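This report concerns only the one structure given below.
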Amino acid sequence: MSNASSYIRIDNVSRRYGAFKALDDVSLDISKEEFIAILGPSGSGKSTLLRLIAGLDRPTEGRIHFEGKDVTELAPHKRGIGMVFQEFLLFPHRTVRENLAFPLRMRNEAKGEIEERVEWVAGILSLSTMLDRYPSQLSGGQQQRVALGRGLVARPTLLLLDEPLANLDRELRQEMEIEIRRYQKQLGIPFIYVTHNQEEALSMSDRIAVINNGRLEALGERQAIYDHPQTPFVARFVGKSSKFQGVVEPDGATVRLTRHDYEFALPSDKTFKPGDAVEIFVKNERFDITPKQHGGAGIPSKVVDVVLRGPFLEYVLETDRGDTVIAVKPKRNDPIPLQERVLLSWNPADCHIFKDGADDARR
Amino acid sequence: MSPSFTDSLIKWTLAAFLALVFAFLYMPIVHILFASLSTRPNFPYPPEFNVASYVRLSTNTVYQSAFLNSLLLASCTAVLSTVLGFLATVGVLRFAGKRALIYAIFFAAPLFVSEILLGISSMALYYMLFELQGNMLTAIIANAVHCFSFCFLIMAAMLYKYDWRMNEAAIVCGASPLRSFFEVMLPITWPGIMGSLITAFVLSLNGLDVSFYLLGATPTMPSVAWGALRYGVKPELYALSSLINIIVFAMIIALLVAIRLKRKAV
Numbered sequence: 000m001s002n003a004s005s006y007i008r009i010d011n012v013s014r015r016y017g018a019f020k021a022l023d024d025v026s027l028d029i030s031k032e033e034f035i036a037i038l039g040p041s042g043s044g045k046s047t048l049l050r051l052i053a054g055l056d057r058p059t060e061g062r063i064h065f066e067g068k069d070v071t072e073l074a075p076h077k078r079g080i081g082m083v084f085q086e087f088l089l090f091p092h093r094t095v096r097e098n099l100a101f102p103l104r105m106r107n108e109a110k111g112e113i114e115e116r117v118e119w120v121a122g123i124l125s126l127s128t129m130l131d132r133y134p135s136q137l138s139g140g141q142q143q144r145v146a147l148g149r150g151l152v153a154r155p156t157l158l159l160l161d162e163p164l165a166n167l168d169r170e171l172r173q174e175m176e177i178e179i180r181r182y183q184k185q186l187g188i189p190f191i192y193v194t195h196n197q198e199e200a201l202s203m204s205d206r207i208a209v210i211n212n213g214r215l216e217a218l219g220e221r222q223a224i225y226d227h228p229q230t231p232f233v234a235r236f237v238g239k240s241s242k243f244q245g246v247v248e249p250d251g252a253t254v255r256l257t258r259h260d261y262e263f264a265l266p267s268d269k270t271f272k273p274g275d276a277v278e279i280f281v282k283n284e285r286f287d288i289t290p291k292q293h294g295g296a297g298i299p300s301k302v303v304d305v306v307l308r309g310p311f312l313e314y315v316l317e318t319d320r321g322d323t324v325i326a327v328k329p330k331r332n333d334p335i336p337l338q339e340r341v342l343l344s345w346n347p348a349d350c351h352i353f354k355d356g357a358d359d360a361r362r
Numbered sequence: 000m001s002p003s004f005t006d007s008l009i010k011w012t013l014a015a016f017l018a019l020v021f022a023f024l025y026m027p028i029v030h031i032l033f034a035s036l037s038t039r040p041n042f043p044y045p046p047e048f049n050v051a052s053y054v055r056l057s058t059n060t061v062y063q064s065a066f067l068n069s070l071l072l073a074s075c076t077a078v079l080s081t082v083l084g085f086l087a088t089v090g091v092l093r094f095a096g097k098r099a100l101i102y103a104i105f106f107a108a109p110l111f112v113s114e115i116l117l118g119i120s121s122m123a124l125y126y127m128l129f130e131l132q133g134n135m136l137t138a139i140i141a142n143a144v145h146c147f148s149f150c151f152l153i154m155a156a157m158l159y160k161y162d163w164r165m166n167e168a169a170i171v172c173g174a175s176p177l178r179s180f181f182e183v184m185l186p187i188t189w190p191g192i193m194g195s196l197i198t199a200f201v202l203s204l205n206g207l208d209v210s211f212y213l214l215g216a217t218p219t220m221p222s223v224a225w226g227a228l229r230y231g232v233k234p235e236l237y238a239l240s241s242l243i244n245i246i247v248f249a250m251i252i253a254l255l256v257a258i259r260l261k262r263k264a265v
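As given, the protein sequences belong to chains A and B, one line each in that order.
Counting along the first sequence from 1, when you hit position 240 you're at 239 in numbering that gives the first Met the number 0, and nothing is skipped either side.
Counting along the second sequence from 1, when you hit position 133 you're at 132 in numbering that gives the first Met the number 0, and nothing is skipped either side.
What follows is the structure in structure tokens.
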């Protein structure tokens, strides 16, 4: 992965605050034209990583390279980056036009060039009609666009986005997700997008870096991160899933759930010793539900609620042991009726199995 | 009583009260104006319009130098105490962390020391420690000490609401720290800084006690007025006060007009 041609290179970077490790030995290579999401819960160190890339903070150890040049000690205003903040941080005493022109003025561009670039960025972000307004006169979505425009206007080396959609309502967020991704493809510069929202990360990025407790938990194509999580944390954090406890049977080829009467074959690529305690994660959309009268294997449950989510149905199931499990299925005209007794099962190849306590063992 | 009658009664009572308040505020000032324009300054009623005192003022060098000294003292004090107060505010709000309140209390505490004591102790201390004679410089320093706490309080109230990441937003846009201060932080926090400058200016322009002990023979406006009380107030002093008042009012009106014009332009 690590090579000289990578556009942005983060090399064994750590950041300590006293004894606390906000970021612990993170390495990441980002190529030009890549949209990478840095995904993690709050306090995981993802924003620290972004601040280190921006130069607003310095790493305790490790180096950061832009286009093969070491920028670790370079002041943030000389790095030629763009950045979009969660709270937008538009300059309230300046009009939209002046906000957009600000990065160009700071780079001492010629007047004609500034006008041209502001027109250009206002054009692609549909801001042309509001250039003379003040930020306080704009809606949240419009402020977001101005923030994005200010980040992009001066041809930055890369754009850093720190939860830029967190303050927008749901509908606008989905609209902006598509737009932001489009700008990235159009401009051909890397976007580094920090978020705690796994849906945003999945819908926008090419690759996802999952960060937890200051460490890089996983890095890969978004599909791979979603379908083949390598750690229990990633399995739990990316996508919506349910967790079960199980034990490997003496034959070493079957897993039996501890709380439920269900067993399934251990996928052949997994090797556990007989008697190993394991954690099993199943994505909500990977469950099979069969009516109980059809017979077969599965966790005996009953349907306690059905939630309509557009083209999908969310079945809220209660197992006989009293646990709640949510199973997502495509919408049908004849949904399983409420209170129906069903068997909950899954294809062994679709679940993710980890040794119990694997998360703690890594620490 | 009909409701409309009660309403208008309340309205007129309040209006009368407002007029009374303004009268008490401005009667002494108007009295000085009348006194400066009258040939009988001790009881200038009915008002006259005689500019003799203004003509005499133009030749009175003591009053002129008192005015200039006061202006110099007040301007320097305003700038010095505002700069120091700004730095203190930034330190407390930005870097003091958990101890911010303790620092803030110690920065504000000198407010409660009486001015006259501060004047006497500054005079004694500066002489003892630095062998500094009372002069303009020591007066500015002592006044700045006194005004600093006011400036600190005014700017802390304003900067408390300031989002420090605004500076970071400017810096990632390519602004150097200095430029981000002048282009972003200063314009946003300008009302607080302006308030601090004005307050320090007015306090040191009118403050008698601190300057009195440190300036000695150098006349300032308050010290001349104080001295005049003992030897009879001359109409020229009324003229000078009136001029200052008129200038201040003109500046306030100009400021209001400028704000109105700017708002219309938006």
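Just so it is clear, CB atoms sit at the ideal spot from N, CA and C, and this is done for glycine as well.
These figures come from a predicted structure and were not determined experimentally.
{"Query": "For the segment 162-185 of chain B, enumerate the residues whose C-beta is nearer than 9 angstroms to any C-beta of chain A, in chain order.", "Result": "Asp162, Arg164, Met165, Glu167, Ala168, Ala169, Ile170, Val171, Cys172, Gly173, Ala174, Ser175, Pro176, Arg178, Ser179, Glu182 and Val183"}
{"Query": "Is A/Asp226 helix, strand or coil when you go by DSSP?", "Result": "helix"}
{"Query": "Is there a Cβ from chain B that is less than 8 angstroms from the Cβ of A/Phe84?", "Result": "yes"}
{"Query": "Which residue's Cα is closest to the Cα of A/Thr253: A/Val237, A/Arg235, A/Lys272 and A/Lys242?", "Result": "A/Lys272"}
{"Query": "A/Tyr261 to A/Lys328, Cα distance in whole Å?", "Result": "21 angstroms"}
{"Query": "Which residues in the same chain as A/Asn346 place their Cβ atom closer than 8 angstroms to its Cβ, once the five residues preceding and following it in sequence are excluded?", "Result": "Arg285 and Asp287"}
{"Query": "Would DSSP call A/Lys272 helix, strand or coil?", "Result": "coil"}
{"Query": "Check A/Thr253 in the structure and name its three-state DSSP category.", "Result": "strand"}
{"Query": "Count the other CB atoms within 10 Å of the CB of A/Lys45; is the residue buried (16 or more) or exposed (fewer)?", "Result": "buried"}
{"Query": "Across which residues does DSSP place A/Pro367 in a beta bridge pair?", "Result": "With chain A covering 0 to 362 only, the question about residue 367 of chain A has no answer from this structure."}
{"Query": "Please state whether DSSP places A/Asn346 in a helix, a strand or coil.", "Result": "coil"}
{"Query": "If the criterion is Cβ atoms closer than 8 angstroms, does the pair A/Val341 and A/Lys291 meet it?", "Result": "yes"}
{"Query": "If you drop the 5 nearest sequence neighbours on each side, which residues of the same chain put their C-beta closer than 6 angstroms to that of A/Ile352?", "Result": "Lys269, Val277 and Ile279"}
{"Query": "Would B/Ile119 pass as an interface residue toward chain A - the criterion being a Cβ-Cβ separation below 8 angstroms?", "Result": "no"}
{"Query": "Do A/Val117 and A/Leu151 have their CB atoms nearer than 8 angstroms?", "Result": "no"}
{"Query": "Count the other CB atoms, across all protein chains shown, that sit within 10 Å of the CB of A/His293; report buried if there are 16 or more and exposed otherwise.", "Result": "exposed"}
{"Query": "State the CB to CB distance for the pair B/Thr81 and B/Leu196, rounded to an integer number of angstroms; the pair is presumed to be in contact (CB under 8 angstroms).", "Result": "5 angstroms"}
{"Query": "Can you tell me which of the three DSSP states B/Val54 falls into?", "Result": "helix"}
{"Query": "Determine whether the beta carbon atoms of A/Gly17 and A/Asn211 lie at a separation below 8 angstroms.", "Result": "no"}
{"Query": "Which stretch, first to last residue, makes up the beta strand (DSSP E) that contains A/Val208?", "Result": "Checking the sequence shown, residue 208 of chain A turns out to be Ala, not Val. A/Ala208 -> beta strand (DSSP E) spans Arg206 to Asn211."}
{"Query": "Since I believe A/Leu88 is in contact with B/Ala168 (beta carbons under 8 angstroms), could you give me their beta-carbon distance rounded to a whole number of angstroms?", "Result": "4 angstroms"}
{"Query": "Any chance the segment 138-152 of chain B sits against the segment 111-129 of chain B, with 3 or more Cβ pairs inside 8 angstroms?", "Result": "yes"}
{"Query": "Closest Cβ-Cβ distance between A/Ile80 and chain B: below 8 angstroms?", "Result": "yes"}
{"Query": "For A/Met82, which beta-bridge partners are listed by DSSP?", "Result": "A/Leu159"}
{"Query": "Could you please give the first and the last residue of the uninterrupted alpha helix (DSSP H) stretch that includes B/Ala65?", "Result": "Thr60 to Val89"}
{"Query": "From which residue to which residue does the beta strand (DSSP E) around A/Gln400 run?", "Result": "Only positions 0 to 362 of chain A appear in the structure, and residue 400 of chain A is not among them; the question remains open."}
{"Query": "Kindly give me the distance between the Cβ atoms of B/Leu213 and B/Ala123, rounded to whole angstroms, as I take these residues to be in contact under 8 angstroms.", "Result": "That belief does not hold up - the Cβ atoms of B/Leu213 and B/Ala123 are roughly 10 angstroms apart, past 8 angstroms."}
{"Query": "Quick check on A/Arg172: buried or exposed, where buried means 16 or more other Cβ atoms within 10 Å of its Cβ?", "Result": "buried"}
{"Query": "So A/Pro290 contacts chain B; which residues on that side make the cut at Cβ distance below 7 angstroms?", "Result": "Simply none; closest approach about 56 angstroms."}
{"Query": "Starting from B/Ala187, find everything on chain A with Cβ-Cβ shorter than 8 angstroms and list it in chain order.", "Result": "The question names Ala, yet the displayed sequence has Ile at residue 187 of chain B. Neighbours of B/Ile187 on chain A, chain order: Phe90, Pro91 and His92."}
{"Query": "Taking 8 angstroms as the threshold (C-beta atoms), are A/Glu317 and A/Ser344 in contact?", "Result": "no"}
{"Query": "For the segment 97-118 of chain A, which residues have a CB atom closer than 7 angstroms to at least one CB atom of chain B, in sequence order?", "Result": "Phe101, Pro102, Met105 and Arg106"}
{"Query": "Just to confirm the assignment, what range does the alpha helix (DSSP H) spanning B/His30 have?", "Result": "Pro2 to Ser35"}
{"Query": "Counting only Cβ-Cβ distances shorter than 7 angstroms, please list the residues of the segment 55-68 of chain A near chain B, keeping chain order.", "Result": "Leu55"}
{"Query": "Cα-Cα, which of A/Ala264, A/Leu22, A/Arg106 and A/His259 is closest to B/Ser175?", "Result": "A/Arg106"}
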